Amino acid sequence: MAAAEEILRIFPDYMRYLWKNAAQKAEGLQEIRLRTGREIIVVMNGRERFLDKAGQIVPDVKTAVRVTEQDMEAILNHICDYSVYAFSDEIRQGFLTMPGGHRVGMAGQVILEENGTVRNMKHIRYMNIRISHEIKGAADSAMPYLYENGKLLNALLISPPGCGKTTLLRDMIRQIADGNRFAGGMNVAVVDERSEIAGCYMGCPQNDVGMRTDILDACPKVIGMMMLLRSMSPQVIAVDELGSGEDIRAVGQAMQCGSRILATVHGDSLQEIREKDFLEDFIRRQLFGRYIILGKTEGVCRIESIYDRGFRLCYGS
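Residues 392 to 708, numbered by this note's numbering, are exactly what the sequence shown covers, in order.
In structure tokens, the structure reads:
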């Protein structure tokens with residue numbers, strides 16, 4: 392199993408016996424949370440579990456193994472190929488992307504520049520290993536609603552955390568770039584600010600985002616969108632997690648340059664999105680042709696509803 396091997400490679404040799412069982416369950420494994428001096432927590436199929444000393448995933452915290460400071464140092468050195476300094480740029484951003492697109496988030500003591508920006512991080516004592524799950528076909532039910540008379544519409548994906556919005560966005564990008572039964576392939580540019588969409592490792596995408604997709608990895612959205620407009624002539628720009636007026640102004644500039652937009656935003660409902668100040672002008676001018684609402688039912692992520700630019704229901708309830 393490729394995914395199991397990828398997960399095992401995150402850990403130093405001496406720790407792999409502990410993770411062998413969890414790695415074999417990679418399909419349901421979502422997160423591994425490591426905190427120095429605390430119990431190892433794994434999230435499986437949306438449920439929090441613990442890892443015991445035999446490497447078994449158990450519900451009882453009393454039998455859970457704890458992470459030592461030496462373990463954390465060993466994992467950090469291992470994922471940095473025993474040259475932490477060489478990965479200082481990535482560590483400064485708070486995460487490293489591993490082969491397979493799995494992401495190791497980090498927290499510890501932050502070192503600041505004189506201007507208040509982050510220079511580096513030391514004494515890393517917390518890690519959140521997020522397991523990448525590529526689901527081809529995740530966007531199948533949404534694709535018929537993304538086009539109008541053969542033309543791609545600007546779309547905003549609305550989702551609470553953990554409901555699969557990045558997985559859905561990734562598959563939309565792939566299908567739009569490769570072409571589908573509604574339209575031919577288009578040149579897509581992705582600003583992958585947190586390396587979650589394409590999951591690039593050493594510049595190469597670990598997830599399939601399509602044959603006509605260009606990726607600007609680990610770049611802020613606003614800067615990235617402007618760079619891609621100047622350099623790659625994209626027909627479509629995709630970004631994850633709009634969250635400010637600056638973000639939405641950059642999206643507006645991209646639209647004015649003729650690019651279609653695929654974007655996501657955190658939200659529990661369409662009404663919540665309509666009340667966000669930074670989206671007010673876009674909603675009033677009906678610049679997004681589709682609003683796609685995601686949710687979770689009995690632990691399963693799904694598209695709950697799709698609305699058009701005038702908030703008329705196209706799909707779902």
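Every residue gets a Cβ at the ideal spot worked out from N, C-alpha and C, and that includes glycine. These numbers were taken from a predicted model, which means no experiment stands behind them.
From the options, pick the residue whose C-alpha is nearest to that of residue i; which is it?
| i | options | result |
| --- | --- | --- |
| residue 388 | 491, 485, 576, 502 | The requested residue 388 does not occur in the structure, where the chain is confined to residues 392 to 708. |
| residue 495 | 505, 466, 511 | 466 |
| residue 547 | 697, 692, 502, 569 | 697 |
| residue 695 | 541, 425, 554, 400 | 554 |
| residue 458 | 419, 619, 442 | 442 |
| residue 710 | 498, 499, 539, 566 | There is simply no residue 710 to check, as the chain begins at 392 and stops at 708 in what is shown. |
| residue 450 | 672, 577, 463, 434 | 434 |
| residue 679 | 655, 660, 528 | 655 |
| residue 446 | 481, 399, 664, 409 | 409 |
| residue 499 | 577, 482, 431, 506 | 482 |
| residue 576 | 568, 582, 583 | 568 |
| residue 415 | 607, 400, 427, 637 | 400 |
| residue 636 | 647, 646, 651, 613 | 613 |
| residue 462 | 431, 587, 644, 529 | 431 |
| residue 587 | 493, 685, 428, 687 | 493 |
| residue 659 | 556, 651, 606 | 556 |
| residue 669 | 582, 642, 505 | 642 |
| residue 406 | 537, 595, 464 | 464 |
Given that a residue counts as buried once 16 or more other Cβ atoms are within 10 Å of its Cβ, and exposed if not, what is residue i?
| i | result |
| --- | --- |
| residue 488 | buried |
| residue 621 | exposed |
| residue 438 | exposed |
| residue 683 | buried |
| residue 558 | buried |
| residue 579 | buried |
| residue 545 | buried |
| residue 444 | exposed |
| residue 508 | exposed |
| residue 476 | exposed |
| residue 602 | exposed |
| residue 604 | buried |
| residue 689 | exposed |
| residue 572 | exposed |
| residue 624 | exposed |
| residue 708 | exposed |
| residue 339 | Absent from the structure is residue 339, since the part of the chain shown begins at 392 and ends at 708. |
| residue 584 | buried |
| residue 428 | exposed |
Would you kindly work out how many angstroms separate the C-alpha atoms of residue i and residue j, rounded to a whole number?
| i | j | result |
| --- | --- | --- |
| residue 421 | residue 649 | 37 Å |
| residue 640 | residue 564 | 22 Å |
| residue 392 | residue 402 | Any reading at residue 392 needs caution, since the residue's pLDDT is 44, under 50, leaving its predicted position unreliable; the model's value is listed next. One C-alpha to the other measures close to 17 Å. |
| residue 597 | residue 591 | 6 Å |
| residue 413 | residue 542 | 44 Å |
| residue 473 | residue 515 | 15 Å |
| residue 560 | residue 619 | 18 Å |
| residue 534 | residue 570 | 11 Å |
| residue 424 | residue 539 | 43 Å |
| residue 653 | residue 626 | 11 Å |
| residue 552 | residue 692 | 11 Å |
| residue 631 | residue 523 | 16 Å |
| residue 677 | residue 671 | 10 Å |
| residue 510 | residue 609 | 16 Å |
| residue 404 | residue 470 | 12 Å |
| residue 593 | residue 491 | 11 Å |
| residue 714 | residue 657 | Because the chain here runs from 392 to 708, residue 714 falls outside it and cannot be looked at. |
| residue 706 | residue 628 | 24 Å |
| residue 503 | residue 513 | 11 Å |
| residue 394 | residue 701 | 42 Å |
| residue 562 | residue 530 | 6 Å |
| residue 673 | residue 528 | 29 Å |
| residue 454 | residue 520 | 21 Å |
| residue 699 | residue 661 | 12 Å |
| residue 549 | residue 607 | 23 Å |
| residue 600 | residue 582 | 12 Å |
| residue 666 | residue 675 | 11 Å |
| residue 436 | residue 456 | 21 Å |
| residue 537 | residue 664 | 19 Å |
| residue 574 | residue 685 | 24 Å |
Beta strand (DSSP E) containing residue i: first to last residue?
| i | result |
| --- | --- |
| residue 545 | Per DSSP, residue 545 belongs to no beta strand (DSSP E) and is neither H nor E. |
| residue 696 | 691-699 |
| residue 405 | Taken as a continuous stretch (DSSP letters only), residue 405 belongs to no beta strand (DSSP E), as it is neither H nor E. |
| residue 426 | 420-426 |
First and last residue of the alpha helix (DSSP H) that includes residue i?
| i | result |
| --- | --- |
| residue 557 | 556-569 |
| residue 469 | 460-470 |
| residue 675 | 671-675 |
| residue 654 | Looking at the DSSP string, residue 654 is not in any alpha helix (DSSP H); the run it does join, the beta strand (DSSP E), is 651-657. |
I want to see whether chain B comes within less than 8 Å of residue i, judged by CB atoms only; does it?
| i | result |
| --- | --- |
| residue 671 | The structure shown contains no chain B; it is built from a single protein chain. |
To test your reading of the DSSP string, which unbroken alpha helix (DSSP H) runs of 4 or more residues are found completely within the stretch 571-640? You should have 612-622.
Just to confirm the assignment: which complete beta strand (DSSP E) runs, minimum length 3, are found wholly within the stretch 470-505? 486-488, 494-503
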